[in-house]
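S.K.:
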Amino acid sequence: MEDKNYRWIGKPMKTVEDYRFITGKGVYVDDLDFPGEVLYVAILRSPYAHAKLLKVDVSKALKISGVKAIVTGEDALKYTTPIPAYAVSKFKPEEYVLAVNKVRYMGEPIAAVAAVDKATAEDAIEAIEVKYEPLKPVINPEDAMKPDAPLLYESYGTNVVAHYEAKWGEVEKAFKEADLIVKEKLILQRYSSIPLEPVAVVVQYDKNSDKYTFWANVQMPGHAMMVLPQMLKVPTTQVRLIIPDIGGGFGIKTRPWRQLVISALLARKLPGTYVKYVETRTEHMMAAGISAGLVAYVEVAVKKDGKILGFKLHDINDDGASIQYAGTYASMHATLINGCYDIRNIEWTSDTVLTNTCPSMPNRGVGKPGIVYIIERIIDITARELGMDPAEIRFKNFIPKDKFPYVTPSGRVYDSGNYAEVLRKALEIFEYQKWREYQKEMRSKGRYIGIGICSYVHGASATAREIEGVKVKMDPSGKVFVESGSPDMGTSHATAYTQILADFLGVSPSDIVMLHFDSERNPWTPYSGTHANKFSGPDIEVLVEAAKRLRERLIKLASSKLNVDPDLIELADGKAYHKYDTSKSVSIAELAKMAYQNPGLLPDIEAGLEVTVIGSTKKAMEAFVQNAQYEVGALHQLVTGHGSPTGYLTYPNSVHIAAIEVDIDTGQINILKYVIVHDIGKIINPLVVEGQVHGGLFHGIGAALYEEFKYDENGQLLTTSYGDYGKPTAMEIPNVEISHTETPSPRSSLGIKGIGEGETFGPLCALPNAVEDALQPLGIRVRSLPMTPEKIHNLIQEALSKTKPFNK
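Letter by letter, the sequence shown follows residues 8 to 815 in my numbering.
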């Protein structure tokens with residue numbers, strides 16, 4: 008199909024999922040009805056951040072009426088394996104889903120109860136007697152690196168569980184030739200997207216077949232289907248996973264092994280029943296997993312004209328109390344180590360550290376928000392040191408458009424882009440010069456207006472190695488059913504699939520249905536799932552391939568029916584017709600009926616209309632090979648433990664520009680204007696893209712201004728509800744102007760790059776850059792997030808004690 012013939016792809020079609028949800032017809036795990044006895048789970052969690060477990064006595068709890076079963080660390084030791092590490096391979100995992108001998112963070116599960124109702128289960132939890140020997144916790148990652156720091160895992164002999172070092176180019180020469188060296192320490196806090204629906208699971212165990220059936224809101228079913236059998240010590244055939252609607256995931260639901268396996272341990276003791284666990288909000292915030300924290304020591308070597316010669320980074324990543332995701336955040340820093348800038352001389356050192364806090368888990372973008380924050384903050388700081396406009400220094404250092412495909416120092420291959428054009432367009436829409444003039448005018452009146460820019464690249468489409476599976480079936484009536492290994496979680500998968508299939512197969516969007524994931528029906532691979540912007544890459548690619556194959560069959564059927572050359576047949580409006588004589592036509596429904604009822608009359612055409620595709624397309628594999636040849640000797644030997652050595656398939660980029668005003672009396676930051684321009688390749692549906700942008704902006708503003716998981720010196724979590732965590736509402740989110748540029752990716756059949764994660768990163772830099780710009784007359788430097796009113800007010804008061812503000 009030629010792009011010009013697309014009727015649905017690229018159009019703002021209303022999302023097909025919306026009606027069901029806004030009319031209350033969504034079905035989540037907690038909504039499911041079951042034919043047998045349903046038992047409810049409560050979990051006993053550690054009140055200590057670090058302690059030895061001396062005794063866990065469940066005898067009194069077992070005597071409570073309605074209590075059906077209790078499991079502890081002894082059950083985990085007997086029936087499960089330790090939680091596997093996704094990234095680090097140097098240290099052997101010692102962590103079970105229920106604590107064994109020791110607890111390492113507040114909220115770590117110790118025991119779990121299944122009872123006839125939730126209240127009874129919670130009563131039983133209170134009756135369990137636990138004897139602890141408190142140990143000194145370590146909360147700060149830099150403290151955890153010290154030789155005398157308390158060890159979370161004594162057998163490791165250290166709290167540093169991943170260490171990477173790499174040097175590219177002539178770093179020493181670059182720093183020797185610099186006119187200025189800028190050094191900074193930057194801090195990014197621990198936060199989370201906190202989906203509205205916490206993790207939820209129902210498990211049934213069949214004793215006769217030794218089989219577990221899970222109903223769960225897991226966003227990576229392929230990974231779950233590999234890990235759950237491993238942890239439960241059964242073959243893959245003994246685990247079935249069914250995924251209903253998911254109320255948001257954002258990475259937090261990629262690896263909910265504790266919640267699922269604890270429930271399975273209880274179900275094993277209660278065969279035939281349905282064991283149900285739904286996290287409370289506090290449980291989710293305390294223990295489900297949050298982003299890694301980041302401390303970054305940065306140095307930039309720069310000439311007076313703004314040309315950056317070299318870059319040094321030592322990042323320290325706080326991964327909490329578990330090695331299960333350790334090293335992954337750090338590896339993302341290496342992937343985007345030079346951002347969208349042509350910087351060839353780079354030195355990188357990275358440490359991933361354990362602390363007595365909640366374990367890290369993927370959160371929208373994983374380590375990419377961190378490296379974007381580091382680069383875009385230091386770029387602005389450097390411009391300020393040089394007295395340059397922040398836009399000018401970016402133009403000075405962008406990767407030129409004629410250098411694509413661009414091989415980064417760390418061996419990644421950026422597929423396409425025009426970074427200068429995206430920034431130029433954003434400045435124009437923002438009316439940058441007018442705002443600079445307005446800022447100058449307001450400063451003379453004592454108002455603190457600031458403008459901040461963030462220009463960045465963000466990897467998308469996962470990798471060619473992370474293959475997906477999809478099945479597309481047209482039934483005898485002409486209805487089309489899609490089964491994918493990638494579940495929808497508010498990401499409009501069904502809408503994208505519908506638009507693509509409607510164009511390729513010529514059917515009405517109303518005739519296309521996406522079915523929920525069921526591991527015994529849907530095709531899946533170990534990488535199946537919704538993560539890392541994968542939907543825009545491997546998922547779409549296999550769907551397009553399936554659509555092409557099904558389209559070819561329909562055209563063959565129509566050619567036979569109409570006695571017309573296949574090259575002269577078009578599919579549209581539910582019909583196959585002669586492109587030059589539309590009177591010659593046949594309905595798609597009739598062709599479907601032919602495929603199933605008269606296959607013997609069509610010896611050259613395969614019976615039925617069903618196609619399953621698992622794997623990567625030719626374009627994706629070409630990219631895989633191209634990336635791999637550059638990466639040999641570059642980076643992948645350092646970080647291959649986390650997955651593929653080939654980086655991302657596509658590299659979209661974005662520019663965020665914000666105008667803000669700081670209230671000098673309260674420290675409150677008010678966003679006056681916000682503009683986003685991005686290049687995400689070909690757009691399937693502009694409405695869906697705008698929804699993703701708004702959602703990403705919401706998350707980014709929350710992290711920049713409000714959100715943080717705070718622990719005291721004893722490791723007690725102080726932010727356990729929305730009330731004290733600081734999640735913004737719609738009232739705090741500004742209107743945003745969104746515009747697109749399109750540089751189609753050569754690595755995609757449709758030219759797509761991806762959008763799901765990227766717009767989260769921009770506010771983390773645009774807003775602090777704007778705040779520093781506003782408070783420049785006071786000499787205030789903001790080096791950590793979030794920028795709460797209290798923090799900004801304290802910085803202002805400290806500055807005012809040393810100087811006087813203008814016109815005050």
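Just so you know, even glycine gets a beta-carbon here, dropped at the ideal spot from N, CA and C. Quick caveat, the model's predicted, so the values are computed rather than measured.
Could you check whether the stretch 113-121 touches the stretch 47-63, counting it as contact only if at least three pairs of C-beta atoms, one from each stretch, sit closer than 8 Å?
M.R.: Output reads yes: the stretch 47-63 touches the stretch 113-121.
S.K.: Comparing alpha-carbon positions, which option in V778, Y658, H701, Q196 lies nearest R419?
M.R.: Numbered from its first residue, the sequence shown carries residue 419 at position 412. The shortest C-alpha separation from R419 is found at Y658.
S.K.: Which value, in whole angstroms, describes the spacing of the CA atoms of E744 and N660?
M.R.: Residue 744 sits at position 737 when you count from the first residue of the sequence shown. Residue 660 sits at position 653 when you count from the first residue of the sequence shown. Spanning the two alpha carbons is a distance of roughly 16 Å.
S.K.: Is the number of C-beta pairs between the stretch 460-467 and the stretch 576-584 that are closer than 8 Å three or more?
M.R.: No: fewer than three Cβ pairs fall under 8 Å.
S.K.: Of the choices T736, G698, V682, whose alpha-carbon is the least far from that of P770?
M.R.: Position 763 of the sequence shown, counting from 1, holds the residue named residue 770. Looking at the Cα atoms, V682 is the closest of the given residues.
S.K.: Using CA coordinates, which residue listed in P54, A56, T79 is at the minimum distance from V63?
M.R.: Along the sequence shown, one-based indexing puts residue 63 at 56. Selected option, being the one with the closest Cα: T79.
S.K.: Terminal residues of the continuous beta strand (DSSP E) containing L187?
M.R.: As a first step, residue 187 must be located in the sequence shown, where it is residue number 180. Taken as a continuous stretch (DSSP letters only), the beta strand (DSSP E) holding L187 covers 187-195.
S.K.: What did DSSP end up calling T647 once you bin it into helix, strand or coil?
M.R.: Taking the first residue of the sequence shown as 1, we reach residue 647 at position 640. Caution applies to T647, whose pLDDT of 38 falls short of 50 and renders its modelled position unreliable; the value that the coordinates give is listed next. T647 falls in the helix class under three-state DSSP.
S.K.: Pick out whichever of F511, M293, V520, L187 has its Cα sitting closest to the Cα of S367.
M.R.: Taking the sequence shown and counting its residues from 1, the one referred to as residue 367 is at position 360. Comparing Cα-Cα distances from S367 to each of F511, M293, V520, L187, the minimum goes to M293.
S.K.: Please name the residue in E764, A596, E613 whose C-alpha comes closest to that of K541.
M.R.: Here residue 541 refers to the residue found at position 534 of the sequence shown. Among E764, A596, E613, the Cα nearest to that of K541 belongs to E764.
S.K.: With distances taken between CB atoms, is the gap from D525 to V487 smaller than 8 Å?
M.R.: Counting from one through the sequence shown, the residue named residue 525 turns up at place 518. Counting from one through the sequence shown, the residue named residue 487 turns up at place 480. Contact: no.
S.K.: Can you give me the C-alpha to C-alpha distance between V23 and K555, rounded to a whole angstrom?
M.R.: By one-based count along the sequence shown, residue 23 stands at place 16. By one-based count along the sequence shown, residue 555 stands at place 548. Cα to Cα, V23 sits roughly 22 Å from K555.
S.K.: Got a sec? Which residues, its chain only, sit under 8 Å from A58 by beta carbon, not counting five neighbours each side?
M.R.: Against the sequence shown, residue 58 aligns to sequence position 51. The residues are K109, V110, Y139, E140, P141, L142.
S.K.: Just how far apart, CA to CA, sit N363 and T342?
M.R.: For the purposes of this step, residue 363 is taken as residue 356 along the sequence shown, with counting starting at 1. For the purposes of this step, residue 342 is taken as residue 335 along the sequence shown, with counting starting at 1. Distance between the alpha carbons of N363 and T342: 28 Å.
S.K.: Determine the contact status of N404 and I315, defining contact as a CB-CB distance below 8 Å.
M.R.: The residue labelled residue 404 in the question sits at position 397 within the sequence shown. The residue labelled residue 315 in the question sits at position 308 within the sequence shown. Their beta carbons are under 8 Å apart, which means N404 touches I315 by this criterion.
S.K.: Give the C-beta separation of G492 and P228 to the nearest angstrom, bearing in mind that I take them to be a contact with Cβ-Cβ under 8 Å.
M.R.: Working through the sequence shown from its first residue, we reach residue 492 at position 485. Working through the sequence shown from its first residue, we reach residue 228 at position 221. So it is a contact: roughly 6 Å between Cβ atoms.
S.K.: DSSP on D25, reduced to helix/strand/coil?
M.R.: Against the sequence shown, residue 25 aligns to sequence position 18. Three-state result, D25: helix.
S.K.: Just how far apart, CA to CA, sit K478 and S755?
M.R.: The sequence position of residue 478 within the sequence shown is 471, counting from 1. The sequence position of residue 755 within the sequence shown is 748, counting from 1. Answer to the nearest angstrom: the Cα atoms are 20 Å apart.
S.K.: Apart from the five residues just before and just after D358, which ones in its own chain have a Cβ nearer than 6 Å to its Cβ?
M.R.: Here residue 358 corresponds to residue number 351 of the sequence shown, with the count starting at 1. Correct list, in chain order: V167, H170, I323.
S.K.: Where does K314 sit, in a helix, a strand or coil, going by DSSP?
M.R.: The residue you call residue 314 lines up with position 307 of the sequence shown. Coil at K314, not helix or strand.
S.K.: For the beta strand (DSSP E) containing I353, name the first residue and the last one.
M.R.: Along the sequence shown, read from residue 1 onward, the residue named residue 353 stands at position 346. Segment 353-360, the beta strand (DSSP E) holding I353.
S.K.: Roughly how many whole angstroms lie between the Cα atoms of Q237 and T261?
M.R.: Along the sequence shown, read from residue 1 onward, the residue named residue 237 stands at position 230. Along the sequence shown, read from residue 1 onward, the residue named residue 261 stands at position 254. Looking at the two C-alpha atoms, the distance is approximately 16 Å.
S.K.: Does the stretch 69-88 come close enough to the stretch 286-305 that 3 or more CB-CB pairs lie under 8 Å?
M.R.: No, the stretch 286-305 is not in contact with the stretch 69-88.
S.K.: Looking at the unbroken beta strand (DSSP E) that takes in D213, where does it start and where does it end?
M.R.: Residue 213 sits at position 206 when you count from the first residue of the sequence shown. Taken as a continuous stretch (DSSP letters only), the beta strand (DSSP E) holding D213 covers 207-213.
S.K.: Tell me, please, whether the stretch 19-39 touches the stretch 88-101 by the rule of three or more beta-carbon pairs shorter than 8 Å.
M.R.: The answer is no - the stretch 88-101 does not touch the stretch 19-39, with fewer than three Cβ pairs under 8 Å.
S.K.: Assuming A781 contacts I385 (C-beta within less than 8 Å), just tell me the rounded distance between them.
M.R.: The residue you call residue 781 lines up with position 774 of the sequence shown. The residue you call residue 385 lines up with position 378 of the sequence shown. A781 to I385, Cβ: 19 Å. No contact.
S.K.: Report the rounded CA-to-CA distance for I29 versus K21, giving the unit in angstroms.
M.R.: For the purposes of this step, residue 29 is taken as residue 22 along the sequence shown, with counting starting at 1. For the purposes of this step, residue 21 is taken as residue 14 along the sequence shown, with counting starting at 1. Computed Cα separation, rounded: 13 Å.
S.K.: Mind checking G296: buried by the 16 CB within 10 Å criterion, or exposed?
M.R.: On the sequence shown, position 289 is the one that residue 296 refers to. G296 comes out buried.
S.K.: Grab the span of the beta strand (DSSP E) containing W222 for me, first residue to last.
M.R.: The residue labelled residue 222 in the question sits at position 215 within the sequence shown. 218-223 is the extent of the beta strand (DSSP E) around W222.
S.K.: Hey, D686 and T750 are a contact pair by Cβ (cut 8 Å); roughly how many whole angstroms apart?
M.R.: Within the sequence shown, residue 686 is the residue found at index 679, counting from 1. Within the sequence shown, residue 750 is the residue found at index 743, counting from 1. Right, their Cβ atoms sit about 5 Å apart.
S.K.: Please state whether DSSP places S746 in a helix, a strand or coil.
M.R.: For this step, residue 746 is matched to residue 739 along the sequence shown. Here S746 sits in strand by DSSP.
S.K.: Can you tell me which of the three DSSP states P157 falls into?
M.R.: Sequence index remark: in the sequence shown, residue 157 carries index 150 (1-based). Note: P157 maps to coil in three-state DSSP.
S.K.: If you run the structure through DSSP and keep just helix, strand and coil, what is M339?
M.R.: By 1-based counting over the sequence shown, the position of residue 339 is 332. M339 falls in the helix class under three-state DSSP.
S.K.: Out of V65, E101, E177, which one is the CA nearest neighbour of D130?
M.R.: Numbered from 1 along the sequence shown, position 123 holds the residue referred to as residue 130. The option with the nearest alpha carbon to D130 is V65.
S.K.: Who are the near neighbours of K319 in its chain, counting only those whose CB is closer than 6 Å to its CB and skipping five residues on each side?
M.R.: Counting from one through the sequence shown, the residue named residue 319 turns up at place 312. Once the five neighbours on either side are set aside, the close Cβ partners of K319 are E306, E354.
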